[in-house]
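*Asks:*
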Amino acid sequence: MSGQRSDDADDIVRDAVERFAGDHRVLFEAFAEAEHVALNRASWNQAPLNHNSHKGDQAEALRRGEDPLFPEELELLGDLDGVSVAHLQCNAGQDSLGLALRGAAVTGIDLSDTAIEFARELSGKTGIPATFVRDEILSWTHATDERFDVAFASYGVLGWNRDLGAWMRGAHRVLKPGGRLVIMEFHPVVWSLGQTLALTGDDYFAPGPFAEPVSDYVAETLDRDPLPNEHVAHGFQHSLAEIVQAVVDAGLQLRTLREYPHSNYARLSPGLVAGPDRTWVFPQGKARIPLMFGLVADRPTNEA
Ligand SMILES: C[S@@+](CC[C@H](N)C(=O)[O-])C[C@H]1O[C@@H](n2cnc3c(N)ncnc32)[C@H](O)[C@@H]1O
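In this note's numbering, the protein residues as written are 50 to 353.
(1) With burial defined as no fewer than 16 other Cβ atoms inside 10 Å of the residue's Cβ, what is the status of G157: buried or exposed?
(2) Which word fits G228, buried or exposed, when buried means at least 16 other C-beta atoms lie within 10 angstroms of its C-beta?
(3) The beta strand (DSSP E) spanning P262 covers which residue range?
(4) Anyone know if the C-beta pair for L303 and H221 falls short of 7 angstroms?
(5) So, under 8 angstroms CB-CB, A141 and N101 are touching, yes? Tell me the CB distance rounded to an integer number of Å.
(6) Return the chain-ordered list of same chain residues with a C-beta closer than 8 angstroms to the C-beta of V322, the five sequence neighbours on each side being excluded.
(7) Give the straight-line distance between the Cα atoms of N211 and L146, rounded to the nearest whole angstrom.
(8) With a 10 Å radius around its C-beta and 16 neighbouring C-beta atoms as the bar for buried, classify H73 as buried or exposed.
(9) Using three-state DSSP, classify F342 as helix, strand or coil.
(10) Measure the alpha-carbon distance for P349 versus L123 and round it to whole angstroms.
(11) If you run the structure through DSSP and keep just helix, strand and coil, what is N89?
(12) Run through the segment 186 to 213 for me and flag every whole alpha helix (DSSP H) of 4 or more residues, listed as ranges in chain order.
(13) With DSSP run on the structure shown, which of helix, strand or coil describes K225?
See below:
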């Protein structure tokens with residue numbers, strides 16, 4: 050591992066050394082996990098700088114009433130007035146502020162220093178209140194004393210985590226009894242699509258890690274020249290069945306599962322064409338597969 054180890058990575062290793070008890074697998078797994086986190090933190094420190102450079106004055110856009118959120122997640126989230134929300138892997142906070150504008154008390158958590166710095170700045174400039182925490186998601190969800198009505202995660206979140214079971218148990222842990230997990234995510238099958246929408250991308254059943262820098266997908270979506278990111282990140286594939294199974298195994302009760310034939314905002318393949326309202330769709334006549342899925346799962350009310 051390079052000299053750029055994060056405090057998250059050190060914490061993961063320190064915790065494993067405490068749990069070691071002669072079982073070397075504990076240490077091997079912790080070193081692998083620490084390496085992913087350190088690499089991903091470096092790559093996700095560059096990505097928001099690239100992405101935000103294409104987005105113009107975002108405080109002004111929010112003041113004008115531009116809504117960063119989409120109808121699909123809003124439908125699954127329901128009424129947000131007075132609701133406490135943990136926004137898991139919130140990135141640069143635009144969507145978190147969209148939730149806060151609807152009356153939610155939002156805490157956004159993210160690994161990226163630059164994303165959280167930008168989120169705090171955007172909150173300050175717009176006067177839209179929200180709390181932003183710079184932390185690794187498993188470290189935070191498994192340690193915080195706070196409990197929320199809603200845990201929300203969206204658009205490119207699960208694939209950065211190797212241990213999906215731990216992610217879901219963390220989400221369950223931060224919910225109050227009766228609280229709900231809401232996920233709006235790119236469908237895992239989309240990573241199998243190639244440039245021309247043929248199945249020339251990644252194998253749906255290959256778990257990864259897939260090593261590549263976090264791309265400048267904002268430039269790709271807006272048809273601009275992508276900016277470089279020299280930091281390789283590690284991504285992981287989780288099939289839809291694995292995601293649903295992890296939800297159930299974490300003790301959450303699945304209430305809603307949806308699939309959508311379009312993607313919001315991100316052009317996931319150059320073969321997709323622009324649809325209405327900031328969406329990307331399959332060209333007319335092409336057989337479609339789902340590009341996003343949405344999920345709601347409840348923490349049972351009778352749990353302490
Ligand atoms: C594609 S972005 C999510 C977009 C976000 N939902 C939004 O509202 O803009 C993925 C985010 O996951 C974060 N991330 C990746 N691994 C993480 C981890 N282990 N802990 C916390 N955040 C992580 C990245 O820093 C990045 O901001």
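Note that the Cβ used here is the ideal one computed from N, Cα and C, for glycine as well.
*Replies:* The answer reads as follows:
(1) For this step, residue 157 is matched to residue 108 along the sequence shown. G157 comes out buried.
(2) Residue numbering aside, residue 228 sits at position 179 when the sequence shown is read from its first letter. Flag for G228 reads buried.
(3) What you label residue 262 is simply residue 213 of the sequence shown in a count that begins at 1. Start and end: F259 to P262.
(4) Here residue 303 refers to the residue found at position 254 when the sequence shown is read from its first residue. Here residue 221 refers to the residue found at position 172 when the sequence shown is read from its first residue. Not a contact, by the Cβ cut-off of 7 angstroms.
(5) One-based indexing of the sequence shown puts residue 141 at position 92. One-based indexing of the sequence shown puts residue 101 at position 52. Right, the Cβ-Cβ distance comes to about 6 angstroms (below 8 angstroms), so this counts as a contact.
(6) What you label residue 322 is simply residue 273 of the sequence shown in a count that begins at 1. Contacts found: W329, V330, F331 and P332.
(7) Your numbering for residue 211 matches position 162 in the sequence shown. Your numbering for residue 146 matches position 97 in the sequence shown. This sequence places Arg at residue 211; Asn is not what is there. Going from the Cα of R211 to the Cα of L146 covers about 28 angstroms.
(8) Within the sequence shown, numbered from 1, the residue matching residue 73 stands at position 24. With fewer than 16 other Cβ atoms within 10 Å, it is exposed.
(9) The count along the sequence shown starts at 1 and reaches residue 342 at position 293. Here F342 sits in strand by DSSP.
(10) Position 300 of the sequence shown, counted from the first residue, corresponds to residue 349. Position 74 of the sequence shown, counted from the first residue, corresponds to residue 123. Computed Cα separation, rounded: 22 angstroms.
(11) Position 40 of the sequence shown, counted from the first residue, corresponds to residue 89. Three-state result, N89: helix.
(12) 186 to 190
(13) Mapped onto the sequence shown, residue 225 falls at position 176. DSSP places K225 in strand when its eight states are reduced to three.
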